[in-house]
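Residue numbers (the working numbering): 1 to 330.
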């Protein structure tokens, strides 16, 4: 049984990698679309490898979602040759649906509750990167709309940061990160690649620590409670660009740069900074109430106690806010 599952994992991952290479190396929309469909087909195998009561619902939802978005992308692209405006809107709305950004984030919140950690990582990182290549084919009139949807997605993630369910926190935060990446893609591709790579690596570390917490919390809780809990909190803050970590200052520097160039007003930078600080306060509130991630295998809930590192993180958090405003004054 283990050997059979190992072979299926290997085949699925190989097909996923092949589809990603086809999509990223192609300069045409049809090549990108074909590579994405290969990735979608291989991703279905990961659902069959899960031992989960929500398997059937998850599989059916993702199956119909992939079918609708695949057809809409192709139809919208072909329609651009005769009706540019309508085709661009259909094409971009299909992309938003596939991304899971506002207003189509409902399927993300549903699937994240049932996916295992490995499948969640693949869906949040590997399956997302080729989708950004399709943004090259949308019309310039849709770019402003895309940025608005990105900003609203960040706002939605701010509201969702008040959740206490671990997987829902990851889902809402991923929606916010996708909003960030939409900005990065249109205004700085090199910066986008750097931030997406950083996001994927740290997401893998967060999920690895979550996996350790779920499977060994009972046997390792006394000896690793604070280190694992503190490590999870640090990686989590780093993942979603919250103070006082370098990803926070990189995001602020990016928006500061495009504001200085006249692309955005300072109000956008202030709102973005407010969103990040608000999310950070909520996440910090959750983690200082959490002693360790216990009973996550069934309900993914956090028990109420405290970390011994809370004072250090709190001081760093306050220091980062003063540092940010100090840079503006200088």
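Quick reminder that beta carbons are idealized off the backbone N, C-alpha and C, glycines included.
As assigned by DSSP and simplified to three states, the class of residue i
{"i": "residue 138", "result": "coil"}
{"i": "residue 25", "result": "helix"}
{"i": "residue 82", "result": "coil"}
{"i": "residue 113", "result": "coil"}
{"i": "residue 39", "result": "helix"}
{"i": "residue 295", "result": "Reliability fails at residue 295, whose pLDDT of 39 lies under 50, so the model's placement of it is uncertain and the value that follows must be treated cautiously. Three-state result, residue 295: coil."}
{"i": "residue 128", "result": "coil"}
{"i": "residue 106", "result": "helix"}
{"i": "residue 192", "result": "helix"}
{"i": "residue 150", "result": "helix"}
{"i": "residue 270", "result": "helix"}
{"i": "residue 254", "result": "helix"}
{"i": "residue 100", "result": "coil"}
{"i": "residue 44", "result": "helix"}
{"i": "residue 225", "result": "With a pLDDT of 46 at residue 225, under the threshold of 50, the predicted position of this residue should be treated as unreliable, though the coordinate-derived value follows. It is helical."}
{"i": "residue 198", "result": "helix"}
{"i": "residue 275", "result": "helix"}
{"i": "residue 248", "result": "helix"}
{"i": "residue 172", "result": "helix"}
With 16 other Cβ atoms within 10 Å as the buried cut-off, status of residue i
{"i": "residue 296", "result": "Confidence at residue 296 is low in this model, with a pLDDT of 39, below 50, so its placement is unreliable and no value can be given for it."}
{"i": "residue 331", "result": "Residue 331 lies beyond the stretch modelled for the chain, which goes from 1 to 330, so this question has no answer here."}
{"i": "residue 85", "result": "exposed"}
{"i": "residue 67", "result": "exposed"}
{"i": "residue 119", "result": "buried"}
{"i": "residue 218", "result": "Confidence at residue 218 is low in this model, with a pLDDT of 40, below 50, so its placement is unreliable and the value that follows should be read with caution. Burial call: exposed."}
{"i": "residue 254", "result": "buried"}
{"i": "residue 137", "result": "buried"}
{"i": "residue 82", "result": "exposed"}
{"i": "residue 93", "result": "buried"}
{"i": "residue 182", "result": "buried"}
{"i": "residue 87", "result": "buried"}
{"i": "residue 202", "result": "buried"}
{"i": "residue 192", "result": "buried"}
{"i": "residue 252", "result": "buried"}
{"i": "residue 28", "result": "exposed"}
{"i": "residue 197", "result": "exposed"}
{"i": "residue 245", "result": "buried"}
{"i": "residue 16", "result": "buried"}
{"i": "residue 270", "result": "exposed"}
{"i": "residue 194", "result": "exposed"}
{"i": "residue 63", "result": "exposed"}
{"i": "residue 22", "result": "buried"}
{"i": "residue 105", "result": "buried"}
{"i": "residue 122", "result": "buried"}
{"i": "residue 308", "result": "Low confidence applies here, because residue 308 scores a pLDDT of 40, under 50, leaving its location unreliable; read the following figure in that light. When all chains shown are included, residue 308 counts as exposed."}
Member of the options whose CA lies at the smallest distance from the CA of residue i
{"i": "residue 43", "options": "29, 26, 19", "result": "19"}
{"i": "residue 207", "options": "25, 273, 166", "result": "166"}
{"i": "residue 65", "options": "98, 74, 144", "result": "98"}
{"i": "residue 131", "options": "257, 203, 24", "result": "24"}
{"i": "residue 236", "options": "152, 171, 194", "result": "171"}
{"i": "residue 186", "options": "146, 197, 154", "result": "146"}
{"i": "residue 152", "options": "34, 173, 169, 75", "result": "173"}
{"i": "residue 45", "options": "95, 76, 115, 100", "result": "115"}
{"i": "residue 39", "options": "274, 13, 246", "result": "13"}
{"i": "residue 348", "options": "80, 69, 117", "result": "Look at the range of the chain in this structure, 1 to 330, and you will see that residue 348 is not part of it."}
{"i": "residue 142", "options": "69, 95, 34, 270", "result": "95"}
{"i": "residue 275", "options": "159, 70, 188", "result": "159"}
{"i": "residue 169", "options": "33, 113, 271", "result": "113"}
{"i": "residue 76", "options": "11, 61, 245, 33", "result": "33"}
{"i": "residue 90", "options": "106, 188, 69", "result": "69"}
{"i": "residue 250", "options": "205, 204, 190", "result": "190"}
{"i": "residue 257", "options": "188, 26, 205", "result": "188"}
{"i": "residue 154", "options": "21, 7, 204, 273", "result": "273"}
{"i": "residue 200", "options": "128, 134, 144", "result": "128"}
{"i": "residue 133", "options": "144, 60, 26", "result": "26"}
Contact test: residue i Cβ vs the ligand GDP heavy atom, cutoff 8 Å
{"i": "residue 246", "result": "Absence of the ligand GDP from the depicted structure is noted, as is the absence of any ligand whatsoever, leaving it without description."}
Cβ separation of residue i and residue j, assumed to be a contact under 8 Å, to the nearest whole Å
{"i": "residue 124", "j": "residue 279", "result": "Between residue 279 and residue 124 the Cβ distance is about 17 Å, and since that is not below 8 Å, they are no contact."}
{"i": "residue 108", "j": "residue 175", "result": "6 Å"}
{"i": "residue 102", "j": "residue 149", "result": "6 Å"}
{"i": "residue 72", "j": "residue 111", "result": "19 Å between Cβ atoms; not a contact."}
{"i": "residue 100", "j": "residue 178", "result": "7 Å"}
Chain D within 9 Å of residue i, Cβ atoms only
{"i": "residue 113", "result": "You won't find chain D in this structure, because it holds only one protein chain."}
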